[in-house]
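Note sheet for the following structure.
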Amino acid sequence: MAFIVAIDGPAGSGKGTITKLVGEKLGLINIDTGAMYRCVTVYMLRNNIKLNEKEKVKKMLKEINIEFKSEKVYLNQEDVTNEIRKTEVNNLVSQVSHLIEIRENITNLSRKVADGKEVIMEGRDIGTNVFPNADVKIYLDASPEERANRRLKQNQEKGIESSYQEILENIKFRDNNDKSSNVAPLKQAEDAIYIDSTNMTIEEVVNKVIDVIKKKG
Ligand code: DC
Numbered sequence: 278m279a280f281i282v283a284i285d286g287p288a289g290s291g292k293g294t295i296t297k298l299v300g301e302k303l304g305l306i307n308i309d310t311g312a313m314y315r316c317v318t319v320y321m322l323r324n325n326i327k328l329n330e331k332e333k334v335k336k337m338l339k340e341i342n343i344e345f346k347s348e349k350v351y352l353n354q355e356d357v358t359n360e361i362r363k364t365e366v367n368n369l370v371s372q373v374s375h376l377i378e379i380r381e382n383i384t385n386l387s388r389k390v391a392d393g394k395e396v397i398m399e400g401r402d403i404g405t406n407v408f409p410n411a412d413v414k415i416y417l418d419a420s421p422e423e424r425a426n427r428r429l430k431q432n433q434e435k436g437i438e439s440s441y442q443e444i445l446e447n448i449k450f451r452d453n454n455d456k457s458s459n460v461a462p463l464k465q466a467e468d469a470i471y472i473d474s475t476n477m478t479i480e481e482v483v484n485k486v487i488d489v490i491k492k493k494g
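Just so you know, we're using the numbering used here here: the sequence shown kicks off at 278 and counts up by one.
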C-alpha cells in the first residue's frame with residue numbers, strides 16, 4: 278500500500294540528512310526532489326540554455342532522463358551526484374526551479390517515482406503541491422546562520438572549498454527566492470508538523486520525526 282511522508286523546508290535545514298536516516302530506519306524509499314531540479318540545472322549550464330529561452334527549455338525537458346540508483350543520481354545515464362552540489366549549480370537552481378514548465382515536469386516525475394510505494398520525499402512543496410494528501414507532513418526549519426554553518430561543515434567534509442559568508446548569503450538569497458515565488462512558494466502546509474532543528478542534534482530530529490510518523494502511521 279502506498280504511504281507518503283513529505284519533508285519540506287528551506288535550504289540547509291537538514292532535510293537531506295534526516296530524510297536519509299529516517300528512510301533507512303523505517304525502510305522507506307528516499308526521494309530527493311531537489312536533486313531533480315539540480316540535474317536540470319546541470320543540463321542547462323552545460324548546454325548554455327538560458328532561463329528565458331522557452332523553446333529550448335521545452336525541448337530540453339523531452340531530452341532529459343533522471344534516475345536514482347543506489348544513492349546516486351544519473352542524468353541521461355551519467356553519474357552527476359557530485360556535480361549537482363557545485364557552486365555554479367547552487368547559484369542557479371532556485372531560479373531554474375521557478376520555471377513553471379520545469380516545475381510541472383519535476384512534479385510529474387516525483388509522483389511517478391513514488392507511485393504505489395512507501396516513500397519519504399524531501400523538497401519545498403511536497404506537502405503543499407506534489408502530495409497534498411501525504412500521510413505525514415513535516416516542515417523542517419533552522420536559523421539561516423545555523424544552516425550556513427552546517428553547509429560549511431558538509432562542504433569541508435567533502436573537500437569542497439567555500440566560505441561561511443558566501444554560503445550565508447547564498448542561503449538568504451535562496452530563501453527569499455523560494456518564499457516569494459509566484460510558482461509554488463516555500464511555505465508550511467496547514468496540516469504539517471513544524472520542527473525547528475536549530476538547537477537539536479541530528480539524532481534528536483530523527484527521533485522526533487520517527488515519533489510523528491509512528492503516531493500517524
Ligand atoms: O534541497 P536542495 O537545496 O537540493 O534544492 C535545490 C533547489 O530546488 C532549491 O532552490 C529549491 C528547489 N526545490 C523546489 O523548488 N522544489 C522541490 N520540491 C525541491 C527543491
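Heads up, the beta-carbon is just placed ideally off N, CA and C, and yes, glycines get one too.
Nothing here was measured: the structure is a model prediction, and the numbers come from that model.
Residue i, DSSP secondary structure in three states
| i | result |
| --- | --- |
| Gly404 | helix |
| Lys414 | strand |
| Asp488 | helix |
| Ala283 | strand |
| Met477 | coil |
| Ile500 | Residue 500 falls outside the range modelled here, since the chain spans only 278 to 494, and no answer is possible. |
| Lys297 | helix |
| Leu429 | helix |
Beta-carbon spacing of residue i, residue j below 7 angstroms
| i | j | result |
| --- | --- | --- |
| Val556 | Arg315 | As shown, the chain starts at 278 and ends at 494. That puts residue 556 outside it, with no answer to give. |
| Thr318 | Val357 | no |
| Thr478 | Ala419 | no |
| Lys485 | Ile472 | yes |
| Gly393 | Ala279 | yes |
| Leu417 | Gly300 | no |
| Ile326 | Ala411 | no |
| Arg427 | Ile448 | no |
| His375 | Ser458 | yes |
| Leu305 | Val396 | yes |
Expected contact under 8 angstroms - CB spacing of residue i and residue j to nearest Å
| i | j | result |
| --- | --- | --- |
| Ile415 | Val489 | 6 angstroms |
| Ile284 | Lys292 | 5 angstroms |
| Val373 | Arg388 | With a Cβ gap of about 20 angstroms, Val373 and Arg388 do not count as contacting. |
| Glu378 | Leu338 | 6 angstroms |
| Asn359 | Asn342 | Not a contact, Cβ separation roughly 19 angstroms. |
Cβ neighbour criterion (16 or more within 10 Å) applied to residue i
| i | result |
| --- | --- |
| Leu328 | exposed |
| Ala288 | buried |
| Asn385 | exposed |
| Asn307 | buried |
| Tyr441 | exposed |
| Asp468 | exposed |
If you pair each beta-carbon of the segment 388 to 407 with each one of the segment 462 to 471, do three or more pairs fall below 8 angstroms? Contact between the segment 388 to 407 and the segment 462 to 471 is present: three or more C-beta pairs spanning the two stretches fall below 8 angstroms.
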